[in-house]
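A short worksheet on the structure shown next.
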Amino acid sequence: MKKFFSILWRVLLAFLIYTLVGMLIPFIGSKSVSEEFKNDLATKNFYSESLSGERVKIVEDNDDAFKVRVQMIESANERIIVSTYKYRRDWSGLNFVSALYEASKRGVSVEFIVDGYTSATLTHDLKELKVLNTLPNFEVKVYNKINLLTPWKHNGRQHDKYVIIDNQSYVVGGRNITNSSLSNEYGDNKYDRDVFVYNSDLSNASSVDELVAYHENKWNSKAASLISKRSSYRDKEKVLTNLSERYDEFKAEYPSYFENTDFEAITTRVNKVSILTNPTHIYKKEPHIFYALSELMNNATSSIKVHSPYFIMDKQMYEVFNQIGERTLTSDLEATLFTNSAGNSANPFGSLELRINKDKLLNTNFTLYELESGYSYHSKSLTIDDELAIIGSFNFDMRSTYIAAEVMVVVHSEVVAAELNEYMEDYEQNNSVKYTNTGEHVPEGVIKQTLSFWDHLLHLLILIFVWWWGRSLF
442 MKKFFSILWR VLLAFLIYTL VGMLIPFIGS KSVSEEFKND LATKNFYSES
492 LSGERVKIVE DNDDAFKVRV QMIESANERI IVSTYKYRRD WSGLNFVSAL
542 YEASKRGVSV EFIVDGYTSA TLTHDLKELK VLNTLPNFEV KVYNKINLLT
592 PWKHNGRQHD KYVIIDNQSY VVGGRNITNS SLSNEYGDNK YDRDVFVYNS
642 DLSNASSVDE LVAYHENKWN SKAASLISKR SSYRDKEKVL TNLSERYDEF
692 KAEYPSYFEN TDFEAITTRV NKVSILTNPT HIYKKEPHIF YALSELMNNA
742 TSSIKVHSPY FIMDKQMYEV FNQIGERTLT SDLEATLFTN SAGNSANPFG
792 SLELRINKDK LLNTNFTLYE LESGYSYHSK SLTIDDELAI IGSFNFDMRS
842 TYIAAEVMVV VHSEVVAAEL NEYMEDYEQN NSVKYTNTGE HVPEGVIKQT
892 LSFWDHLLHL LILIFVWWWG RSLF
């Protein structure tokens, strides 16, 4: 028996080493964009002197975010596309899926793709989706399904979040299909942000076409695979009946979500909308989004605001911010970073990173604001020169930069940029502490969030066992 446990321990240790090495080796070091990508990217192409047929609405509130998604689904006539990092079988998730099912019953085709992490760790959450996947016009795929025998694939994640309707409208942002993202009543009051885009001129190419092309590339790639269609007839009928009943109850309780919506009336016409994406394969990626954002920031002359839940950056990324920050010392350029404080962050890795490398952020010469509201900030947004408003799923960390599938929407509109600036400044001026190289400013009434004993213990364990090898994967 002792010999058996000795062999078992060695096998487990060997498998652990095999897994860690397999996870790490493909993602060691930074990667640069190709010369071809650099040559193809021209910042002038993100601007237009005339108005386009595309219209935009910033979606700030969680309830409004759910309402917009349901209104979009209700308006669908031909095709619905959904991509999400997380899906939970909670109040928001089940009601969302019930609306998709009703759309499929009226002949609309539905494509739903969820990241493999969700399918591997929370298989119960996919119960309804597995049944819906047996319907003729409803397909559900998993991006990079977890396989313990291929650890070199583990880190390739789908972090983008979008819903596309009839190749005419879409919503992109930081919100997953969960209560914490889509419900003020049932969620945990996490702050987030989406951008809704509606194309009122179908005769011309638009950003919707760009996003659909990105989706189809990912959907048809080797990384995307259909989930299981196995379900008994009895279970199938029960699940579908429950979804129909849930839809009826949801519609009765929230009738405004289901009213016919004039999307032109709730949106603002803009000069141009562009899509930024990372490659869709599962391995180390060229940092397409980060490079494009860097080029846009490098061309700024008056102001830059960057909001991210956390900043976990390598040398290459810091160099970009250092170069931009140097210009704030010799010009009128104002540059601002905004993030959660260490005590306010919902991400222990992001929290620890700020504790360790806060001086690096301050040394960029950007003004730093840290949120101390008690509720975590999850939005990923930028404004540049009061002309560009940029919203999406991209965090300023190495995972979003080099590993994950991500989407950011770039809007050229002084009106929309002014609106986004107003939202961002509201966070900066309320419940936040301001830091510069010369000190800090704590507004009256702002109370710094403190780390608990368990937070400190978790940070210590991460520092000892994970930090030295896993920082680039957080």
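Taken in order, the sequence shown gives residues 442 to 915; the numbers are from my numbering. Just so it is clear, CB atoms sit at the ideal spot from N, CA and C, and this is done for glycine as well.
Original post:
Just reading off the beta strand (DSSP E) that N617 is part of, what are its end residues?
Top reply: Numbered from its first residue, the sequence shown carries residue 617 at position 176. Element bounds for N617: n/a, residue is neither H nor E.
**OP:** Give a yes or no on contact between the region 864-883 and the region 768-786, applying the rule of three or more CB pairs nearer than 8 Å.
**Re:** yes
Original post:
Going by C-alpha distance, which of Q512, D531, Y526, F790 is nearest L898?
Top reply: For this step, residue 898 is matched to residue 457 along the sequence shown. Nearest option by C-alpha distance: F790.
Original post:
Just curious, the alpha helix (DSSP H) that V500 is in, first and last residue?
Top reply: Position 59 of the sequence shown holds residue 500. Note, V500: premise wrong, no alpha helix (DSSP H); beta strand (DSSP E) at 495-500.
**OP:** Put K571 into one of helix, strand or coil per three-state DSSP.
**Re:** Numbered from its first residue, the sequence shown carries residue 571 at position 130. In this structure, K571 counts as helix in the three-state DSSP scheme.
Subject >> Selected residue, minimal CA-CA separation from V612, among W532, N804, S550, T708 >> reply: Residue mapping note: residue 612 aligns to position 171 of the sequence shown, counting from 1. Residue T708 is the option with its Cα nearest to V612.
Subject >> Test item: CB-CB of S913 and F837 under 7 Å >> reply: As a position in the sequence shown, residue 913 is number 472, starting the count at 1. As a position in the sequence shown, residue 837 is number 396, starting the count at 1. It is not a contact, given that the beta carbons lie outside the stated cut-off.
**OP:** Would you list the residues sitting across from T709 in a DSSP beta bridge?
**Re:** Taking the sequence shown and counting its residues from 1, one reaches residue 709 at position 268. DSSP lists V497 as partners of T709.
Original post:
To which residues of the same chain is L576 closer than 7 Å at the C-beta, ignoring the five residues directly before and after it?
Top reply: Along the sequence shown, read from residue 1 onward, the residue named residue 576 stands at position 135. For L576, where only same-chain residues beyond five positions count, the Cβ hits under 7 Å are S545.
**OP:** Using three-state DSSP, classify S873 as helix, strand or coil.
**Re:** As a working mapping, residue 873 is identified with position 432 in the sequence shown. If DSSP states are grouped into helix, strand and coil, S873 belongs with the strands.
Original post:
Roughly how many angstroms lie between the CA atoms of V711 and G833, to the nearest whole one?
Top reply: Start at 1 with the first residue of the sequence shown, and residue 711 comes out as number 270. Start at 1 with the first residue of the sequence shown, and residue 833 comes out as number 392. Rounded to whole angstroms, V711 to G833 spans 17 Å at the Cα level.
Original post:
Can you give the Cα-Cα distance for M849 and M442, rounded to whole angstroms?
Top reply: Locating residue 849 in the sequence shown gives position 408, counting from the first residue. Locating residue 442 in the sequence shown gives position 1, counting from the first residue. Cα to Cα, M849 sits roughly 57 Å from M442.
**OP:** Excluding the 5 residues preceding and the 5 following Q512 in the sequence, name in chain order all residues of the same chain whose CB lies nearer than 7 Å to its CB.
**Re:** As a working note, residue 512 is residue 71 in the sequence shown. Closer than 7 Å at Cβ, skipping near neighbours: Y698, T702.
**OP:** On a CA-only basis, which of Y816, V714, D531, K582 is nearest K663? Give me that one, please.
**Re:** Taking the sequence shown and counting its residues from 1, the one referred to as residue 663 is at position 222. Of the candidates Y816, V714, D531, K582, the one whose C-alpha sits nearest the C-alpha of K663 is K582.
Subject >> Residues near Y688 in its chain [Cβ-Cβ closer than 8 Å; skip 5 each side] >> reply: Walking along the sequence shown from the start, residue 688 turns up at place 247. Closer than 8 Å at the Cβ level, and outside the excluded window around Y688, lie N536, S539, A540, Y542, E543.
Original post:
Whose C-alpha, out of E552, V452, Y528, I618, is nearest the C-alpha of F507?
Top reply: The sequence position of residue 507 within the sequence shown is 66, counting from 1. Checking every option, the nearest Cα to that of F507 belongs to I618.
Original post:
Terminal residues of the continuous alpha helix (DSSP H) containing K582?
Top reply: By one-based count along the sequence shown, residue 582 stands at place 141. It is not in any alpha helix (DSSP H) - K582 instead sits in the beta strand (DSSP E) that spans 579-584.
Subject >> Residue nearest to V883 in terms of C-alpha spacing, selected from T484, E813, D896 >> reply: Along the sequence shown, one-based indexing puts residue 883 at 442. Nearest of T484, E813, D896 to V883, Cα basis: E813.
Original post:
Going by DSSP, which residues form a beta bridge with V714?
Top reply: On the sequence shown, position 273 is the one that residue 714 refers to. Paired residue(s): V852.
**OP:** Could you give the DSSP three-state label for D800: helix, strand or coil?
**Re:** Taking the sequence shown and counting its residues from 1, the one referred to as residue 800 is at position 359. In this structure, D800 counts as helix in the three-state DSSP scheme.
Subject >> When V551, I587, Y584, D566 are compared against N574, the one with the closest alpha-carbon >> reply: For the purposes of this step, residue 574 is taken as residue 133 along the sequence shown, with counting starting at 1. Measuring from the Cα of N574, the nearest candidate turns out to be V551.
**OP:** Enumerate, from N- to C-terminal direction, the unbroken alpha helix (DSSP H) stretches of 4 or more residues contained entirely within the region 743-793.
**Re:** 756-769
Subject >> Span of the beta strand (DSSP E), counted from its first residue to its last, around R520 >> reply: Stepping through the sequence shown from its first residue, residue 520 is reached at position 79. R520 -> beta strand (DSSP E) spans 520-525.
Original post:
Three-state secondary structure (DSSP) at V653?
Top reply: Along the sequence shown, read from residue 1 onward, the residue named residue 653 stands at position 212. V653 falls in the helix class under three-state DSSP.
**OP:** For L667, count neighbouring C-beta atoms within 10 Å of its own C-beta (all shown protein chains included) and say buried if the count is 16 or more, exposed if not.
**Re:** Against the sequence shown, residue 667 aligns to sequence position 226. So L667 counts as exposed.
Subject >> Start and end residues, beta strand (DSSP E) containing V604 >> reply: Within the sequence shown, the letter at position 163 stands for residue 604. Note, V604: beta strand (DSSP E), 603-606.
Original post:
Any idea what DSSP makes of S644, helix, strand or coil?
Top reply: Along the sequence shown, read from residue 1 onward, the residue named residue 644 stands at position 203. It is coil, neither helix nor strand.
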